[in-house]
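Using the UniProt record's numbering, read the sequence shown as starting at 1 and increasing by one per residue.
For glycine and all other residues, C-beta sits at the position ideal for the given N, C-alpha and C.
Have a look at the structure below, then the notes.
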Amino acid sequence: MATPAPYWVPLERDDRHLKSINSIKSKSTIDHPLVVKSVVETKTIEVVSKEVKSPQLAPKKNSTEKNGVSNNDPLSAVASPTKPLSDPLSSDPLSASALVDPLSSNDPLSMSAQEPQFNYDTSASRSSSNLTQFRGKSATMDKRSTMKKKEQQEAQEKWDEATRLREQAVTLWKTKKAGILQEFTTDELMGVTASFIDESESGKAKVTMDKTQMRLAQLEEGDTNTAKNTQQLSQKEFEKKIESYHSDIMTSWKSEEKVKALKVAIQGAKMLTDTSTIKFYPSKFVLITEILDTFGNLVYERISSKHGPGDKPSEQARETCRNWFHKIASVRELVPRIYIEMAILRCYIFIQQKTFPIVIERLCRQIRGIGDPLVAMYARSYLVRKGNEVEPDLKVYAQTAFEDFVTHHTTITSEPFVNSLERYHITKKDYLHLYYPAVDWIFTCMSTHYDQADFDRVLDGYRRTKDSIILESIVTCLDSTMIVLRAEQILQFIYEDDKERNKILGLTIELLNSYPCNTSLNEGIVAKFNEYETTIEDDIEAVTLLRVFVEFSARYTKIEEVNQLLGRVLARGKKGAENDQLMAALQSVIVAVLDYVPSTVSILSMDCFPPLVELMKGEREVSISKSILNAFSKGQETLKDPVIIGNMFTLATNVHDSMNSLSFFDEIRQNSRSIATFINRVDFGIDLEKHLNFHVECRKAFGNLDMVKHQLVLSTLQLCMKALKIVKGKHNKKTAQFARACISYCYITIPTMEDALVRLKLYIFSGQIALLNQSLPQVDALFKSAIILIQEVPTRITELHNQGQSKSTEPVLMEYIESLFSSLVVVPGHPEAGPFYLIKALLKVIAEYPWENGSVPKTRVYIQSLSLLSAQYQTRLPYSIVGVDGNDKLYGGDNNFRAELQEIINRVVDDILKELSGMPTEESHNQVEQSRLSLEMFNSLLSYAQLTPRSATLAVKLYELVKKGGKTKYAEASVNSLRSHTTQLSRDLYNKLVSL
């Protein structure tokens, strides 16, 4: 029986056809042997910032008040009943003579809101003038309307800005409040009056009396109850007691017992007069003002509920508000009365719109009547906080509070007063520190809408007191730009201060780090500090301060200045190498240098930096080594100095040795990436052998990190190509030996890695580099290892970075095999094993690999192999390697050669048809894939095979599969190419395909 003609006989092309092929723009290939990439991948993460603006409630516009209405304080006369009526603050807008009904006919807004009346003359002679007059008035009304809209817009913008400042202040107070509670604690017991809330009132006889008298009697009863049982509580018990007061207020309010809630608030406010546990007073102030804030919010919400519709407060809301202020005015003790009034300060808006400045000024004066300076100072702080909520633009009261503190500072620093502190067992320094939270908050509220004159007044206050808490508040709270303008003067104040000098100096320099001064001043600051640093006795304090100046010098001075400061740090560190706190301070200095000196090479070149790193031991040594490697990996610098390379190698070794089997995957990956980057940046110039020896040392030191070994292989291949470039593609004996040494290094290193796909990639890559360097024995060994390794590639891998999901390896494996096909085109055959021994071995491995059922990559690999086999059929290969004779020169179209090649092609074609026919087509996706693969086979058949009756029959079958999957339009270009053929078989095939 005769053997059937083959489906595929390769088409032999002439030189002209080869030129046309070479002129076609080819696609870029992956993993080209001439392009050596680093293993370290850089990913850019784009952070999208979303600004969410909460809706702002516009302020309700109040009616303009009647002429003659005073803006004075409604409680001035009630709060000071003994003062004569001539007191400038005694005029009460709550009195009947001072009140104006906003709805009366005399209201200016009511009059302006009336519609204009026009008298039209019916005579024709005056109609024109009347019309002109009406148009003029209309234009005036339009202009007024435009101006009114503009004023409303400006008012809205002002309101929004005030709201922003209020919200900012509330957020800032929450932060400061947490710090106060954490810093100011006590172990002493605190005397607290037992709460009267739990006392039973059921046994009391009911006596009919006036409602006002009854409420006043309840308040008086609350005053007398304060002298009853006193409990001694610890700090935790006191905090629980305050929480119970908070709960009592909420419970009483919900049960409509408003007076009882007020009594609880008064009870809490009275505690602020007790300074027996003076060290705890700032925290006590924070806890109790929380109760007062809650009470004030409840009162404000109650009055707001009676506001009614419209912009103007209803009469019921005004009466309720007056009632509350009259209740507060009846409190006998000064401190509770002031605190309760400050708690409901914003309720004054229901009585009179613009009364806040007068009320706040009166409260400032009343606080001067508090005898204890500490209690008075915190009362001022609370007033500033509540005033900031209602008038964030008004800062006069904050300046007044600060001036009052400056005035009383002489008293609290006097010798008799300091001697009186002995009963509290507290020093003068610690006592003055108790004022810091209050002063700090006052300065915080002063920081907005601040000018140079205000800043000068604050500096003058410091000159008069010489108190470090004022200087610290100036640095931390006030406008940074003004501090920078007065930096020289402030630094002089700091050096003259003998209390918190180092702390404030550090804060000031940290501020100047963000707002630099001019160059001459920067150098002067560092020079002045160099003189001062020698006077600091405590090494830890000195190093802590040096860290701030190192950062400042790294930003704004020369690298020599940084090195000089590091020398001072090193001298301090050597004296206390066993001191753990000192070593922690030294570590912070090193981190600051790495953060703010942009060049890691410059850092490592400084004389004092490496000895400073050597002082680190144990975990600190590892941490610093990681920081240096990470800082270096972020830049683009190259290491050429052997000393620096040696230091970096030691740091990398420290990091490598710190990891073990228990280390986290992310830690290993990050450290491996940093070490790999370091290896990739090393450059020994033309001393290639020294560079290769360095790689040998690295493989020995970092043998446990696959990513590092991956980079070592790539860098070694890069060395091999560098040598080839130096000799311009023609190796001499010495460079040829060096190239073979590089390939041998890779051949030995690759098997030590765990990932089979990485090994396969590197084997193929190394084989391609060996082929370019004409090292054919190593080419055979590397490609043979790659072919054998295909059998070890797992079908699926688990992606740790993708929540442990499994992924098929077939698409990646297909790419690597296609890359291997492109290399085998120019690899010459073996004199003993034959011209196709590598191709046969590869096809055998592909057939035996456990592909998935109906695998698309498997079929595509077979189709791509036909391109390789068709290239081998040519008398001249499509491309070649300089110095390497391919099969076209070795066999030159020998008949036996072509016969063996045709047998291989026949088996591959049969395998392809078997795969196409065996693909499951029940699902539409599979049918589309079958159509796509048939189209690839169809295009390859028309491009690379001779047109015979047998191949024409195969083309028709493939086209039917293409049409079945809906891919006909993609095959039209190939079908139309048959029209240019002159043979009858080509025309018949074209007609047949068109008719399908």
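Could you name the residues of the same chain whose beta carbon sits closer than 7 Å to that of residue i, not counting the 5 residues immediately before and after it, in chain order?
| i | result |
| --- | --- |
| Thr289 | Tyr382 |
| Asp404 | Arg368 and Arg380 |
| Ser672 | Leu705, Met707 and Val708 |
| Asp988 | none |
Sort the options by Cα distance to residue i and report the nearest one.
| i | options | result |
| --- | --- | --- |
| Leu292 | Leu272, Asp755 and Thr277 | Leu272 |
| Leu594 | Met606, Ser934, Ile628 and Val562 | Ile628 |
| Val286 | Lys174, Lys969, Gln587 and Ser605 | Lys174 |
| Leu719 | Pro373, Leu692, Thr444 and Ser599 | Leu692 |
| residue 997 | Ile881, Lys240 and Ser870 | The requested residue 997 is not part of the displayed model; the chain covers only 1 to 996. |
| Leu374 | Val331, Ser447 and Tyr431 | Tyr431 |
| Ser247 | Glu256, Val264, Phe238 and Lys236 | Val264 |
| Met190 | Lys177, Lys241 and Ala178 | Lys241 |
| Ile881 | Thr735, Thr185, Leu772 and Ser806 | Leu772 |
| Glu361 | Thr983, Arg332, Ala847 and Val396 | Val396 |
| Glu537 | Leu866, Lys969 and Gly576 | Gly576 |
| Asn522 | Ile743, Leu485 and Thr544 | Leu485 |
Is there at least one non-hydrogen atom of the ligand SAH closer than 7 Å to the beta-carbon of residue i?
| i | result |
| --- | --- |
| Leu615 | The ligand SAH is absent from the structure shown, which contains no ligand whatsoever. |
In its own chain, which residues sit with a C-beta less than 8 Å from the C-beta of residue i, not counting the 5 before and 5 after it?
| i | result |
| --- | --- |
| Arg681 | Phe632, Glu637, Thr638 and Leu639 |
| Val526 | Phe549, Phe552, Ser553, Thr557, Glu561 and Leu565 |
| Asp607 | Asn563 and Gly567 |
| Ile303 | Ala317, Thr320, Cys321, Trp324, Cys347 and Phe350 |
| Leu662 | none |
| Val384 | Tyr397, Ala398, Ala401, Trp441, Ile442 and Cys445 |
Quick check on DSSP: helix, strand or coil for residue i?
| i | result |
| --- | --- |
| Glu256 | coil |
| Glu541 | helix |
| Ile536 | coil |
| Leu181 | helix |
| Leu639 | strand |
| Pro857 | helix |
| Pro828 | coil |
| Gly918 | helix |
| Gly893 | coil |
| Gly834 | strand |
| Gly506 | helix |
| His710 | helix |
| Asp903 | Checking the displayed sequence, the identity of residue 903 turns out to be Glu instead of Asp. In this structure, Glu903 counts as helix in the three-state DSSP scheme. |
| Lys428 | helix |
| Ala98 | Residue placement at Ala98 cannot be trusted, given a pLDDT of 33 that sits under 50; the coordinates are not used to answer. |
| Ser112 | Because the pLDDT of Ser112 is 31, which lies under 50, any placement of that residue in the model is unreliable, and the number read from its coordinates should be weighed accordingly. Helix. |
Any idea which residues DSSP pairs residue i with across the strands?
| i | result |
| --- | --- |
| Leu233 | Met190 |
| Ile796 | A small fix is needed here, since residue 796 is Arg in this sequence, not Ile. In the DSSP output, where bridge partners are listed per residue, Arg796 has Ser808. |
| Val682 | Leu639 |
| Ala945 | Pro10 |
Ends of the alpha helix (DSSP H) at residue i?
| i | result |
| --- | --- |
| Pro416 | Glu415 to Ser420 |
| Val882 | Premise fails: Val882 is in no alpha helix (DSSP H) and is neither H nor E. |
| Trp441 | Tyr436 to Met446 |
| His408 | Val396 to Ile412 |
| Ala736 | Lys733 to Thr749 |
| Ile291 | Tyr281 to Ser305 |
| Ala5 | Neither: Ala5 is in no alpha helix (DSSP H) and is coded neither H nor E. |
| Lys617 | Note, Lys617: premise wrong, no alpha helix (DSSP H); not H, not E. |
| Thr481 | Ser480 to Leu485 |
| Phe694 | Leu688 to Ala701 |
| Lys761 | Ala756 to Leu772 |
| Gly567 | Ile559 to Lys575 |
| Glu315 | Glu315 to Ala329 |
| Glu361 | Phe356 to Ile367 |
| Lys784 | Leu776 to Ile790 |
| Met583 | Asp580 to Tyr596 |
Grab me the residues of residue i's own chain with a C-beta within less than 6 Å of its C-beta, minus the 5 sequence neighbours each way, in chain order.
| i | result |
| --- | --- |
| Asn630 | Ser674 |
| Gly883 | Gln774 |
| Gln946 | Val9 and Leu11 |
| Phe295 | Ile249, Ala265 and Ala343 |
| Ser806 | Arg796 and Thr798 |
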